[in-house]
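*Asks:* Residue numbers (the UniProt record's numbering): 1 to 362. Glycine residues also receive a C-beta, built at the ideal position from the N, C-alpha and C atoms.
1. Return the chain-ordered list of same chain residues with a C-beta closer than 6 Å to the C-beta of residue 234, the five sequence neighbours on each side being excluded.
2. Excluding the 5 residues flanking residue 286 on each side, which residues of the same chain have their C-beta closer than 8 Å to its C-beta?
3. Ends of the alpha helix (DSSP H) at residue 363?
4. Give the straight-line distance between the Cα atoms of residue 95 and residue 135, rounded to the nearest whole angstrom.
5. Which class does residue 191 belong to by DSSP, given the choice of helix, strand or coil?
6. Mind checking residue 354: buried by the 16 CB within 10 Å criterion, or exposed?
7. Could you check whether residue 242 and residue 259 sit closer than 8 Å to each other, using their CB atoms as the reference points?
8. If you draw a straight line from the alpha carbon of residue 103 to that of residue 122, how long is it in whole angstroms?
9. Report yes if the CB atom of residue 54 is closer than 8 Å to the CB atom of residue 126, and no otherwise.
10. Would you kindly work out how many angstroms separate the C-alpha atoms of residue 90 and residue 323, rounded to a whole number?
11. Taking the alpha carbon of residue 133 as the point to measure from, which residue in 37, 198, 271, 330 has its own alpha carbon closest?
12. Note down the Cα distance separating residue 312 from residue 44, rounded to an integer number of angstroms.
13. What residue range is occupied by the uninterrupted alpha helix (DSSP H) comprising residue 47?
14. Could you tell me the alpha carbon to alpha carbon distance between residue 159 and residue 239, rounded to whole angstroms?
15. Can you tell which of 99, 170, 52 has the C-alpha that lies nearest to the C-alpha of residue 120?
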């Protein structure tokens, strides 16, 4: 008897690996996301997944950014900035949340949401399309280099890592200005740096030039290459493993996809978090740096990624690179779960709704 109810449409459950399932030579199932959907379906499903995920995790994103932008010497815990207000002192997650609620209201948890929604929508579409396209390019490379005497074939995990790294690089570069705006709006307190989205575009262009929209890009790309490579390699490995392992194979509504996303996210996010902290701190540099919440006593970082890494370690200790890691994992794990689950469901729905191919003549 089948594990999946025949009354459920296919988008409500993931294909299960069976002995009769089509597979690649290296044993990977065609159910892997790199082989599913047309270009249009992948773009639409990726955009929806990004949009839906962002709305769900926006408050955690604001908390993470506020924590990452706090400056305080961890090498000398007594060396707190003099006469600083409680809002500018290092705080735990709950204290930061209380401060936002007290001083900015519930809408403070969705600060920067307009550029962030645009970021997640465009990032999701670009990421999944680039991931699919890169896998197709690697498949074509394998076919073109295969001869009767020798063959070139990447293991499935290596292919997922390379394609994920390329997808993350492309999506990050294309959407980086939106990421920078998201960070700056989320870092605003009651004192507004920018009155609105259009005002921020005019201000950055006038005071910082076009390059101002790409502050910290090298740190972003340096972070995203290993992060997305590890994420997709882990996800593509964990998903079929969970689908055939009790009790995970019995989870309803393809919850195994969400669980694979959580595990892959925790692994990859922990590995690259220091570069994410560097990126956030570089993004708030500029003429209005002192106006952001928690940034007033932060030094100016003007020596790029390596210089910023070194300065954080010297002044705050190694723990300074991991400020906000806990809330980042709390945010990243459900975000990845929601993203991958909604992407797989949206893609399955689009495939269900697409007309069947015409019958072959003859």
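*Replies:* Looking at the atomic coordinates:
1. 264, 267
2. 204, 207, 208, 212, 215
3. Outside the shown range of the chain, which is 1 to 362, sits residue 363, and nothing can be said about it.
4. 45 Å
5. coil
6. Around the beta carbon of residue 354, a 10 Å sphere encloses fewer than 16 other beta carbons of the protein chains shown; the residue is thus reported as exposed.
7. yes
8. Distance between the alpha carbons of residue 103 and residue 122 is about 32 Å.
9. no
10. Interpretation of residue 90 is limited by its pLDDT of 47, a score under 50 that renders its predicted location unreliable; no figure is taken from the coordinates.
11. Closest option to residue 133, Cα to Cα, is 37.
12. 40 Å
13. Per DSSP, residue 47 belongs to the alpha helix (DSSP H) from 39 to 68.
14. Residue 239 has its alpha-carbon roughly 16 Å from the corresponding atom of residue 159.
15. Of the candidates 99, 170, 52, the one whose C-alpha sits nearest the C-alpha of residue 120 is 52.
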